[in-house]
Amino acid sequence: MKVILMADIKGVGKKDQIINASDGYARNYLFPKKLAVEANNENLAKLKSKNESKAFKKETELNEAKMVADKLQKIIVKIHVKAGENGKIFGGVTAKEVSEALSKEHSINIDKKKILLGETIKNLGTFTVDVKLYEGVVAKLKIHVMES
C-alpha cells in the first residue's frame, strides 16, 4: 500500500515522502498514530500543492536575500569606539554591535548570528566581514571602526 508520511520515522522515511508499506503496518500503526495517510488522488494533490508552495516560498526568500546582499555590498557601517594608544580599542567590536549599527544607520535588520566576524575586532580601521543571509548567499560587509 502506498502511503504519504506525515512525520519523520526512523528506518522508514522522511516527512512528505511516498513509500510502500505493508497493509498491516499502515492500518495498525501508521494510520492510527497519524504518522501517514493513504496515497490517494486527493492526498497526492495536497502534497503536490504543499511542495509547490514550499518551493515558491524558498525562491522568494532567496531573491530577498540576494537583494539584501546587493545593498550590503554597497554600504559601509561606521562604528564609533573609545581607543587608547596605537589604535587599540577598549573592549572590542562584536557581531551584536555591528548588527545594531546596521539597524540604526541603514534600517537593515540582520541577526547577529549571521554576521561572521571570526573573532572580535580590537583595532581601529576598515574591516570586511561575511554575512550569511541565506543558504548559498553570502555578502561582504565593510565595517569602519573609528575613534569617537
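Each residue of the sequence shown is one higher than the last, beginning at 108 in our numbering. Using N, Cα and C, we set each Cβ at its ideal position, and we do this for glycine too.
By the Cβ-count criterion, L209 is buried, with 16 or more other Cβ atoms from all chains shown falling within 10 Å of its own Cβ. Comparing alpha carbon positions, the residue from G243, N170, I250, E242 closest to T233 is I250.
The straight-line gap separating the alpha-carbon atoms of K122 and K141 is approximately 12 Å.
In this structure, A202 sits near K219, with a CB-CB distance shorter than 8 Å.
Counting only runs of 4 or more residues that sit fully inside the segment 157-240, the alpha helix (DSSP H) segments are 202-213, in chain order. Distances from the alpha-carbon of S255 to those of F197, N216, E242 put F197 closest. Counting along the chain, the unbroken beta strand (DSSP E) around E254 starts and ends at 244-254. Taking C-beta separations shorter than 7 Å and ignoring five residues to either side along the sequence, E166 has no partners in its chain. When the beta-carbon positions are compared, V188 and V236 stay at least 8 Å from each other.
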